[in-house]
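Trainee: Chains as they are written, first to last, in numbering that gives the first Met the number 0: chain A, 0 to 218; chain B, 0 to 602.
Just so it is clear, CB atoms sit at the ideal spot from N, CA and C, and this is done for glycine as well.
The model shown is predicted, which means the values in this text are computed figures rather than measured ones.
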Amino acid sequence: MTTVAVLRCWRCAHEHSATLFCPRCSAVQPLPPQTDYFTVFGLPLRPAIDEAGLTQRYYDLSRRLHPDLYQAGTAEEKDASLKNTVLLNRAYRTLRDLITRGQYWLEMQGEALGKENNRVPPTLAALVFEVQEKLAEIRDARAAGDGEVDIATLTEIRADLDGQMQRLRTALVGNLEQWPEPSRSQELLVQLKRLLSEIAYLRTLLRDVEKESEVSWNA
Amino acid sequence: MERIVGIDLGTTNSLIAFVDGETPRVIADPTSGDPLLPSVVAFLTNGQIEVGQEAKALLADQPLTTIQSVKRFMGLGMEHVNVEDRRRYRFADEGGVVRFALPGHPYTAPEVSAFILRALRDRAAVYLKEPINKVVITVPAYFNDSQRQATKDAGRLAGLEVVRLVNEPTAASLAYGLDKKEEGLIAVYDLGGGTFDISILRLHTGIFEVLSTNGDTRLGGDDIDQRIAERFLLVGLPEAVQHDPHVASSARRVAEQAKRALSDNDDTQLRLEVPEKKVSITRTLARKELEAAVDDIVARTLAPCRQALKDAGLEPREIDEVVMVGGSTRMPLVRRRVGEFFGRKPLTDLNPDEVVALGAAVQADTLAGRRKDMLLLDVVPLSLGIETMGGVMSRLIERNTTIPTSVKETYTTAVDDQTAVDIHVLQGERELVQDCRSLARFKVPIDPQPAGMPRIEVTFMIDANGILNVAALDMRTGRERSVEVKPSYGLTDEEIERLLEESIDFAEDDVTRRLIIEARTEADTLLHVTEKQLQQHAAFLQLGEEAKIRAVVAALKEAKEGEDYNRTRDLIEELGTTSAPFAQRIMDTSIGEALGGRELGRV
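(1) Give the interface partners of B:S405 over in chain A, defined as CB-CB distance under 7 Å, in chain order.
(2) In terms of DSSP beta bridges, what is B:H423 paired with?
(3) Rounded to a whole number of angstroms, what is the C-alpha to C-alpha distance between A:T84 and B:V484?
(4) Tell me which residues of the stretch 63-95 of chain A have at least one Cβ-Cβ distance to chain B shorter than 8 Å, keeping chain order.
(5) Could you pull out every residue in the same chain whose Cβ sits closer than 7 Å to the Cβ of A:L42, ignoring the five residues on either side in sequence?
(6) What distance in whole Å lies between the Cβ atoms of B:L232 and B:I280, which are believed to be in contact at a cut-off of 8 Å?
(7) Does DSSP put B:K448 in a helix, in a strand, or in coil?
(8) Return the residue from the list B:T411, B:M586, B:N166 and B:E49 that minimises the CA-CA distance to B:P449.
(9) Taking the alpha-carbon positions, what's the A:T169 to A:A143 distance?
(10) Rounded to the nearest angstrom, what separates B:R568 and B:A518 at their Cα positions?
(11) Spatial neighbours of A:E176 within its chain, please: C-beta separation below 6 Å, excluding the five flanking residues on both sides.
(12) Take the Cβ of B:S393 as the centre, count every other Cβ of all protein chains shown within 10 Å, and call the residue buried at 16 or more, exposed below.
(13) Run down chain B in chain order and give the residues with a C-beta less than 7 Å from the C-beta of A:Y58.
(14) Grab the span of the alpha helix (DSSP H) containing B:F114 for me, first residue to last.
(15) So, B:Q190 versus B:S327, is the Cβ gap smaller than 8 Å?
(16) Identify the contact partners of A:S61 in chain B, using a Cβ-Cβ distance below 8 Å as the criterion.
(17) Rounded to the nearest angstrom, how far is the Cβ of B:G214 from that of B:P351, given a contact under 8 Å?
(18) Any beta carbon from chain A within less than 8 Å of B:G312's own beta carbon?
(19) Label B:H203 either buried or exposed according to how many other C-beta atoms from any shown protein chain fall within 10 Å of its C-beta, with 16 as the threshold for buried.
(20) Can you give me, in chain order, the residues of the stretch 158-170 of chain B that have a beta carbon less than 9 Å from any beta carbon in chain A?
(21) Quick one: measure Cβ to Cβ for B:A123 and B:V4, integer angstroms, because I've assumed they're closer than 8 Å.
(22) If you measure from the beta carbon of B:K371 to each beta carbon in chain A, is any gap under 8 Å?
(23) Considering Cα atoms alone, identify which of B:L542, B:A463 and B:G489 is closest to A:K77.
(24) Please list, in chain order, the chain A residues whose beta carbon lies closer than 9 Å to that of B:V463.
(25) Which residues in chain A sit within 7 Å of B:L357, going by Cβ to Cβ distance?
(26) According to DSSP, simplified to helix, strand and coil, what is B:D243?
(27) Could you check where the alpha helix (DSSP H) with B:P168 kicks off and where it finishes?
(28) If you draw a straight line from the C-alpha of B:L525 to the C-alpha of B:I571, how long is it?
(29) Between the C-alpha atoms of B:E288 and B:I66, what's the straight-line distance to the nearest angstrom?
(30) Among B:A108, B:P23, B:V322 and B:D33, whose alpha-carbon lies nearest the alpha-carbon of B:K151?
(31) Between which residues of its own chain and B:T283 is the CB-CB distance below 8 Å, once the five residues before and five after are set aside?
(32) Can you tell me whether B:R398 is buried or exposed, with buried defined as 16 or more other CB within 10 angstroms of its CB?
(33) Contact criterion: CB-CB distance below 8 Å. Does B:L366 meet it with respect to chain A?
(34) From the beta carbon of B:R400, is the nearest beta carbon of chain A less than 8 Å away?
(35) Would the beta-carbon of B:P403 fall within 8 Å of that of B:Q148?
(36) Rounded to a whole number of angstroms, what is the C-alpha to C-alpha distance between B:P244 and B:D222?
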C-alpha cells in the first residue's frame with residue numbers, strides 16, 4: 000500500500016514522490032488512487048492520531064484543493080483537484096472516527112473483519128443473552144398491553160451497553176497507541192481484531208435496543 | 000472572467016442575484032420593482048406563454064393550464080403524483096416522468112421550469128447589460144439525485160450552463176455573513192413554499208462544513224395554505240364545489256393572503272367569492288385558530304431537525320445560532336416552535352425570501368474565481384446504493400458523506416458469454432429496494448467470456464453538485480466501457496437534445512434577446528462617449544456639425560430601446576461616421592498636446 004513511485008509534475012516536469020502539490024511549482028498533483036489515507040494527510044504510518052490536528056489539516060488542505068477553487072483552471076488542475084478531494088474526503092471520514100480508523104488499520108495489515116460477523120464474540124455471550132432475553136420480555140409485555148415498564152428497562156439496558164462500549168473504545172485507543180511495534184504486531188493484531196468484532200456486535204445490539212425504544216415511545 | 004449569477008429557483012417565487020463589487024444584490028423587475036418572480040407559468044390556448052405576475056393573474060381564470068409550484072414535480076414519476084395533484088392539474092399519463100397536459104403538447108417539469116429561468120436570465124441581462132450564460136442554481140438540500148438532475152436539465156433547456164447546484168440552506172448561511180464568525184455550530188431551518196430543509200453546519204474561519212442535513216421535499220407553505228382553505232373556506236361546501244379547480248384555486252389564494260396577514264395581526268377577514276359556483280364566504284380568522292389548525296404541519300418539521308442533530312452527534316442546545324430561511328418562517332408559530340426546540344431565539348435579520356439567492360450569488364462569485372476566502376463543504380443528503388439479490392439495497396455511500404466522493408465496486412458475470420451487467424442505482428435509507436427511490440439503471444457492456452472471468456470496476460462518483468456520475472472500467476483490458484444511463488424519472492440526454500431542437504423558436508428568441516442587449520450596451524457606451532466629447536470639446540466643432548451629430552444621437556437613443564437591433568447597429572455605425580472628423584480633431588490635438596503644444600496653433 001505504501002508505494003514510493005516516482006511521479007512527474009504535469010506542469011513543470013519536476014520529479015517527486017506522491018504529494019498533493021508539486022514541491023517546485025506548487026501545482027496540484029493527482030495522488031495515485033491507491034495512496035493510503037495517512038499519506039494523504041502527510042501523517043506517519045501510525046494508527047494513533049491527534050484528532051483535532053487531523054480536522055485542522057483537513058480544513059487547510061480543503062482550502063487549497065477543493066474543485067470550487069479550480070473552476071477556471073486547466074483540465075489537469077480540475078482533474079487533480081477533484082480526484083484529490085475525493086480521496087481527502089474519504090481519508091478524513093475514515094481517520095476521524097476511532098472505530099473506522101481501527102478497521103482501516105486492520106485492513107492495512109492485510110486482515111479484515113468478515114462482513115457477516117454473525118458469531119457472538121465469547122466475551123460478550125453472557126451480556127448478549129441477557130439483553131436478548133429482556134428485549135423478548137418487553138415485546139411480550141407490549142403484546143399483552145402493558146407498556147409502562149418498557150422505558151425504564153430499556154434505559155437500563157442502554158446504559159449498560161453504553162458502558163460496555165466505552166470500555167471497548169478505551170481498550171481500542173490503548174491498542175492503537177502501541178503500533179507500530181514489530182516485535183508484538185501479531186499479538187496486537189489478534190487483540191485489534193477481537194476488539195473490533197466485539198464493537199461491531201455491540202453496535203448491532205444497541206441498534207436493536209434503539210429500535211425497540213422507538214416502538215415503545217410511539218406506542 | 001465571465002460573470003456567473005446566482006438563481007434561487009423556488010417553489011413559490013424565484014430570484015436572481017449577482018455580486019456588485021463585494022455586496023450580493025437581488026435584481027428586481029425593472030417595471031414593478033419587485034425582486035420576486037412568482038414561479039408560475041401560464042400556457043395560453045393561442046400558444047402564448049406567460050411567466051411571473053402575468054401568469055399568476057391568470058391562475059383564477061385558467062387554473063388547469065397555469066402551473067404553480069412546478070418545483071414539487073421535479074424529478075418525479077407519475078406514481079408519485081397524489082390525488083390532490085390530480086385534482087389540480089391534468090397530466091399526460093405516459094408513465095415515467097411527470098408530464099403536464101397543456102395546450103400544444105405535454106410539458107415535463109424541467110421544461111416548465113426553463114421558462115422561469117429564461118425570464119430571470121432576461122431580467123439580469125437587461126439590468127447588467129450583458130448576456131448571461133453561466134449560473135449557479137440552488138436546490139433544497141434534501142433533493143435526491145433525480146430532482147437535482149431535473150434542475151440541471153431545466154438550466155440546459157433554458158440555454159444556460161449550470162456551473163453548480165448549491166444547497167439552499169448552505170447558500171443562506173453564506174449570505175448571513177457568518178464567515179465573520181471564527182468558530183460555531185449553525186442550524187439553518189429553511190421552510191419554503193413547498194420544501195423543508197434543515198442543515199447543521201460547523202463554521203471554521205471561512206469554511207462552511209455541512210455536518211448533516213435532513214428534510215422533506217414535499218412540505219411547505221403550500222400545505223399550510225391548503226389546510227387553511229380546507230378548514231375555514233371549503234368546509235361545508237358540496238364535495239363537487241370543493242374540488243372545482245376555480246373554487247379551490249381561489250380558496251388557496253385567499254388562504255395565502257390570510258396567512259400573511261396573520262403574521263402581523265391577531266385576526267383577519269377571509270372573503271371567498273366565486274359567483275358562477277354560487278360561493279360567497281366571509282368570516283373572521285384569528286391567529287390562534289390558524290395556529291391550532293396548522294400546528295401539526297409545523298410540528299412535522301421537527302422530526303427531521305432531531306434526525307439531523309443526531310446524525311451530527313449534537314444536542315439542540317449545542318447549536319450556537321439558528322438561521323431562518325424561506326417565506327414560511329415569517330409565521331410567528333414557526334419561529335416560536337423552532338425557538339423552543341433549539342432553546343434559543345432564531346436569527347431573522349435578513350429577508351427570508353432573498354437570503355438564498357444572495358448566497359447563491361456569493362458562491363457564484365467564488366466559482367468565478369473572484370474570491371477565495373470562503374469554502375463550502377457540502378454533503379450528500381441520502382444514502383446511495385445498488386440493488387442486490389432478493390430486492391435488498393446494498394449501501395455504497397452513506398448519507399451526510401462530504402462531496403465530492405466516490406466508491407468503486409467490482410462486478411463479474413454469472414453465466415457464460417454474458418454480454419452486459421445491469422446495475423440498478425437507488426437512493427434512500429430503507430433496507431428494501433421497493434422502499435427506496437429508484438434513480439437509474441445502467442447497462443455495462445462486457446465481451447463474451449466464461450462466467451466469472453470478466454472483471455468490471457464501476458466507479459460511482461457524486462460530484463460537487465450532489466449528482467451521480469458512473470464510469471466503468473474493464474480491468475482485464477484496462478479499457479473504459481461506456482455506460483448506458485436510463486434515468487428512472489428523468490430525461491435522457493437524447494430527450495434533452497430533442498427538446499432543445501424543438502424549442503428552436505425559443506432559441507431564436509434567445510439569440511434575438513441577446514443581440515438586442517449587446518447592441519443596446521454598445522449604443523450606451525458610444526452615446527456616453529459622444530455626449531462627453533460634445534460637452535468637453537465643443538471648441539473643436541465645425542459649423543452645423545453638432546446639429547448633425549445630435550440628430551443621429553437622438554435616433555440611436557430611440558432605436559436602442561426598441562427590439563430592432565439591426566437598426567440600432569446601423570445607427571451606431573452612422574454615429575461613428577458622422578462624428579469621426581470631430582473625434583479625429585480631438586485626437587490630433589491631444590497628440591499635439593503630448594508633443595509639446597506645437598500643433599495647437601493650427602486649430
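Mentor: Straight from the coordinates:
(1) Working through the second sequence from its first residue, we reach residue 405 of chain B at position 406. By Cβ distance, chain A contributes V85.
(2) Numbered from its first residue, the second sequence carries residue 423 of chain B at position 424. Paired residue(s): B:R440.
(3) The residue labelled residue 84 of chain A in the question sits at position 85 within the first sequence. The residue labelled residue 484 of chain B in the question sits at position 485 within the second sequence. A:T84 and B:V484: Cα-Cα distance of roughly 25 Å.
(4) H65, P66, D67, L68, Q70, A71, L81, T84, V85, N88, R89, Y91 and R92
(5) In the first sequence, the residue the question calls residue 42 of chain A occupies position 43. Answer for A:L42: I48, listed in chain order.
(6) In the second sequence, residue 280 of chain B corresponds to position 281, counting from 1. In the second sequence, residue 232 of chain B corresponds to position 233, counting from 1. So it is a contact: roughly 6 Å between Cβ atoms.
(7) Position 449 of the second sequence, counted from the first residue, corresponds to residue 448 of chain B. The sequence shown places Gln at residue 448 of chain B, rather than the Lys named in the question. Three-state result, B:Q448: coil.
(8) Taking the second sequence and counting its residues from 1, one reaches residue 449 of chain B at position 450. Checked all of B:T411, B:M586, B:N166 and B:E49; the closest Cα to B:P449 is B:T411.
(9) In the first sequence, the residue the question calls residue 169 of chain A occupies position 170. In the first sequence, the residue the question calls residue 143 of chain A occupies position 144. Roughly 41 Å between the two C-alpha positions.
(10) Here residue 568 of chain B refers to the residue found at position 569 when the second sequence is read from its first residue. Here residue 518 of chain B refers to the residue found at position 519 when the second sequence is read from its first residue. Those two C-alpha atoms are separated by around 6 Å.
(11) Residue numbering aside, residue 176 of chain A sits at position 177 when the first sequence is read from its first letter. Cβ within range, chain order: A47.
(12) Residue 393 of chain B sits at position 394 when you count from the first residue of the second sequence. That one is exposed.
(13) Within the first sequence, the letter at position 59 stands for residue 58 of chain A. Correct list: H203 and I206.
(14) The residue labelled residue 114 of chain B in the question sits at position 115 within the second sequence. First-last of the alpha helix (DSSP H) with B:F114: A108 to L127.
(15) Counted from its first residue, the second sequence places residue 190 of chain B at position 191. Counted from its first residue, the second sequence places residue 327 of chain B at position 328. Residue identity differs from the one stated: residue 190 of chain B is Leu in this sequence, not Gln. Yes, Cβ-Cβ distance for B:L190 and B:S327 is below 8 Å.
(16) Translated into the one-based positions of the first sequence, residue 61 of chain A becomes position 62. Here the neighbours are I206, L374 and L376.
(17) Position 215 of the second sequence, counted from the start, is the residue given in the question as residue 214 of chain B. Position 352 of the second sequence, counted from the start, is the residue given in the question as residue 351 of chain B. About 16 Å separates the two Cβ atoms, so there is no contact after all.
(18) Position 313 of the second sequence holds residue 312 of chain B. By this cut-off, B:G312 is not an interface position.
(19) Locating residue 203 of chain B in the second sequence gives position 204, where the first residue counts as 1. By the 10 Å Cβ count, B:H203 comes out buried.
(20) V162 and R163
(21) The residue given as residue 123 of chain B occupies position 124 in the second sequence. The residue given as residue 4 of chain B occupies position 5 in the second sequence. Going by Cβ atoms, the distance from B:A123 to B:V4 rounds to 6 Å, so yes, they are a contact pair.
(22) The count along the second sequence starts at 1 and reaches residue 371 of chain B at position 372. For B:K371, the answer is yes, since a Cβ of chain A falls inside 8 Å of its Cβ.
(23) The residue given as residue 77 of chain A occupies position 78 in the first sequence. For A:K77, the nearest C-alpha among the options comes from B:A463.
(24) Locating residue 463 of chain B in the second sequence gives position 464, where the first residue counts as 1. Here residue 463 of chain B is Ala; the residue named in the question, Val, does not match the sequence. Those are H65, P66, D67, L81 and T84, listed as they occur along chain A.
(25) Here residue 357 of chain B refers to the residue found at position 358 when the second sequence is read from its first residue. Residues of chain A passing the Cβ test: none, with the nearest at roughly 18 Å.
(26) As a first step, residue 243 of chain B must be located in the second sequence, where it is residue number 244. Coil.
(27) As a position in the second sequence, residue 168 of chain B is number 169, starting the count at 1. It spans E167 to A174 - the alpha helix (DSSP H) in which B:P168 sits, taken as one unbroken run.
(28) What you label residue 525 of chain B is simply residue 526 of the second sequence in a count that begins at 1. What you label residue 571 of chain B is simply residue 572 of the second sequence in a count that begins at 1. Distance between the alpha carbons of B:L525 and B:I571: 8 Å.
(29) Position 289 of the second sequence, counting from 1, holds the residue named residue 288 of chain B. Position 67 of the second sequence, counting from 1, holds the residue named residue 66 of chain B. Their backbone Cα atoms lie some 30 Å apart in a straight line.
(30) Here residue 151 of chain B is taken as the residue at index 152 of the second sequence, counted from 1. For B:K151, the nearest C-alpha among the options comes from B:A108.
(31) Taking the first residue of the second sequence as 1, we reach residue 283 of chain B at position 284. Once the five neighbours on either side are set aside, the close Cβ partners of B:T283 are D266, T267, Q268 and L269.
(32) The residue labelled residue 398 of chain B in the question sits at position 399 within the second sequence. So B:R398 ends up on the buried side.
(33) Indexing the second sequence from 1 puts residue 366 of chain B at position 367. At least one chain A Cβ lies under 8 Å of B:L366.
(34) Mapped onto the second sequence, residue 400 of chain B falls at position 401. The residue asked about is misnamed: residue 400 of chain B is Thr in this sequence, not Arg. Answer yes: the Cβ-Cβ gap between B:T400 and chain A drops below 8 Å somewhere.
(35) The sequence position of residue 403 of chain B within the second sequence is 404, counting from 1. The sequence position of residue 148 of chain B within the second sequence is 149, counting from 1. No; because the gap between Cβ atoms is not below 8 Å, this pair is not in contact.
(36) The residue you call residue 244 of chain B lines up with position 245 of the second sequence. The residue you call residue 222 of chain B lines up with position 223 of the second sequence. Rounded to the nearest angstrom, the two C-alpha atoms are 17 Å apart.
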